[in-house]
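The numbers in UniProt numbering rise by one with no breaks, and the one at position 158 of the sequence shown is 158.
All remarks here apply to the structure that follows.
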Amino acid sequence: MAEFEDEFEEGATPADAPASVPTPTVTVVIPARNEALNLPYVAERMPPVDEIIVVDGSSVDDTIAVARKLWPEAKIVSQTRSGKGNALACGFEAATGDIIVMIDADGSTDPAEIPDFVETLISGSDLAKGSRFSLGGGSDDITALRRVGNKGLNWLVNQIFATSFADLCYGYNAFWRKHLEVLDLPVTAESEPQWGDGFEIETIINVRMARSGLVIREVGSHESRRIHGRSNLNAFTDGFRVLRTIGLEHRLHRAARR
1 MAEFEDEFEE GATPADAPAS VPTPTVTVVI PARNEALNLP YVAERMPPVD
51 EIIVVDGSSV DDTIAVARKL WPEAKIVSQT RSGKGNALAC GFEAATGDII
101 VMIDADGSTD PAEIPDFVET LISGSDLAKG SRFSLGGGSD DITALRRVGN
151 KGLNWLVNQI FATSFADLCY GYNAFWRKHL EVLDLPVTAE SEPQWGDGFE
201 IETIINVRMA RSGLVIREVG SHESRRIHGR SNLNAFTDGF RVLRTIGLEH
251 RLHRAARR
């Protein structure tokens, strides 16, 4: 009892004390397609969280079996179409935590950084956006071509939407689940491909959060090389999809302002 009383100033009573703020629950969404060899590393680096959702993209290896062994309580979700964007949308739909963190299954994004993202949200942000190019971040994986492309796309978004992003196309982000309505991602029940199903998903999330006037803070993050396997990212085709996404979001932004 003495320890409890010491928390109050002299003359204060428990009734005068500020109400305790519940700790937000955290869901981690991991899109995975043929990542059986990489998931053990992800699990090893994973801090304690409230919910893990592994979204399987029709894997032909032991991704599902490995995920169930590593995280017996995890939700295993099958994506409804193809592409990273659809996988994330399916995972977001199944999430129940107050905070959603999106990471990659290939070992390139370090789960040990999750507390930094969560703390950024708790301190007043709506979106904690990973950055490889500021705040102590870095990358062992990005090529010179992708770096130049990302820089150009990043500059364009900052000019159009009055943002100050240092790293537009990085996929390590965390946000409050209540903002899913703002993102307005393609419905997962449709079987036909939808815009937003691909790697443009990160740009959609960043731009729509910015368009809505939400508070965005970047978090320094280090990107490692994929441990096993090959990336599905194509610098040219996916870069074009991001560019097209910027154009589409710009037209929506102008229409909303009018």
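We treat Cβ as the ideally placed atom computed from N, Cα and C, and that holds for glycine.
Remember, it's a predicted structure, so these values are computed and weren't measured experimentally.
Would you call the CB atoms of G220 and S131 closer than 8 Å? yes
So V55 packs on A32, CB below 8 Å; how close in whole Å? 7 Å
Tell me, which residues are paired with L127 by DSSP? F175 and I216
For R217 versus A112, is the C-beta distance shorter than 8 Å? no
Using the rule of at least 16 other Cβ atoms within 10 Å of the residue's Cβ for burial, across every protein chain shown, is A189 buried or exposed? exposed
Can you grab the Cα-Cα spacing for the pair F240 / H250, in whole Å? 15 Å
With a threshold of 6 Å on Cβ separation, who are the neighbours of D167 within its own chain once the five nearest residues in sequence on each side are excluded? S131, R132 and F133
Taking DSSP as the reference, what is the three-state secondary structure of T27? strand
Please report how far the alpha carbon of K151 lies from the alpha carbon of I142, in whole angstroms. 12 Å
V118 to L135, Cα distance in whole Å? 16 Å
Do V101 and A174 count as a contact pair if the criterion is CB distance below 8 Å? yes
Check whether the Cβ atoms of C169 and L153 lie closer than 8 Å to each other. yes
For W195, count neighbouring Cβ atoms within 10 angstroms of its own Cβ and tell me buried if that reaches 16, exposed if not. exposed
State the beta-bridge partners of D56 as determined by DSSP. A32 and S78
Among residues of its own chain, excluding the 5 on either side of I64, which ones have a beta-carbon nearer than 7 Å to its beta-carbon? D56 and I76
Contacts around L248, its chain only, beta-carbon distance under 8 Å, and the 5 residues preceding and following it disregarded: W195
Once the 5 residues before and after Q79 are set aside, which same chain residues still bring their CB inside 6 Å of it? V55, G57, N86, A87 and C90
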